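Notes for the one structure printed next.
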Amino acid sequence: MNEGTLTDVSTLRERARKHISEGAVTEGYSADRETVLKLLNEALATEIVCTLRYRRHYFMANGVNAESVKLEFKEHADQELEHADLIAERIVQLGGAPDFNPAGLTERSHAEYMEGTNLEDMIKEDLVAERIAIDSYREMIQYFGDKDPTSRRLLETILATEEEHAEDLSSLLVKN
């Protein structure tokens, strides 16, 4: 197909029937599926680790300012879990298997599981993890480019939320 020309309908129909067992992955999918699945499973692990860290921080937070911060931790944990579900669904769409195996989870994750010893440490550890996710997802988005626009858009949406999380956490550290 030349730049700017569209495939005729009969060819589209023929191709759609040819490899029907491939589900959503058609001949037009040009990304290296193995690499995409590896990256998405790393993103999945990152979201799971972030969910677990935020959950721990929610339960462990205490002190004068803890109640409002706890609510922030809980909200972020819930959103990270939603991200994990969306990523797992995309992995399955691409014919892969989402890796939920706890063995090696922290090695697959780009973010670390750092507990923090007090409320300020917890906020800082979560902010560091968000910053790692932001950079890592930005690189994945660039890699996907036009070769996998669906995975790219999924991570763009998740990236926007991660940037919001980083801003939320950063504002909690501002001393008045």
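According to the working numbering, the sequence shown is numbered sequentially starting from 16. Positions of the beta carbon are idealized from the N, C-alpha and C atoms, including for glycine. Note that the structure is predicted; figures quoted are calculated from it, not measured.
- When secondary structure is reduced to three states using DSSP, asparagine 133 falls in the coil class, being assigned neither helix nor strand.
- In this structure, DSSP gives histidine 72 a helical state, which the three-state scheme calls helix.
- When Cβ pairs closer than 8 Å are counted between the two stretches, the region 24-32 is seen not to touch the region 54-74, the count staying below three.
- Lysine 139 sits away from alanine 46, with the two beta carbons spaced by 8 Å or more.
- Using a Cβ-Cβ distance cut-off of 8 Å, the region 68-81 and the region 100-109 are not in contact, since fewer than three pairs of beta carbons, one from each stretch, lie closer than that value.
- Under the criterion of beta carbons closer than 8 Å, glutamate 178 and isoleucine 149 qualify as touching, at roughly 6 Å.
- With fewer than three CB-CB distances shorter than 8 Å, the region 157-176 does not count as touching the region 122-140.
- Here proline 164 carries a helix assignment [DSSP, helix/strand/coil].
- With fewer than 16 other Cβ atoms from the protein chains shown falling within 10 Å of its own Cβ, leucine 86 counts as exposed.
- Where threonine 22 is concerned, there is no enclosing alpha helix (DSSP H), because DSSP gives it neither an H nor an E.
- When the beta-carbon positions are compared, arginine 167 and glycine 160 come within less than 8 Å of each other.
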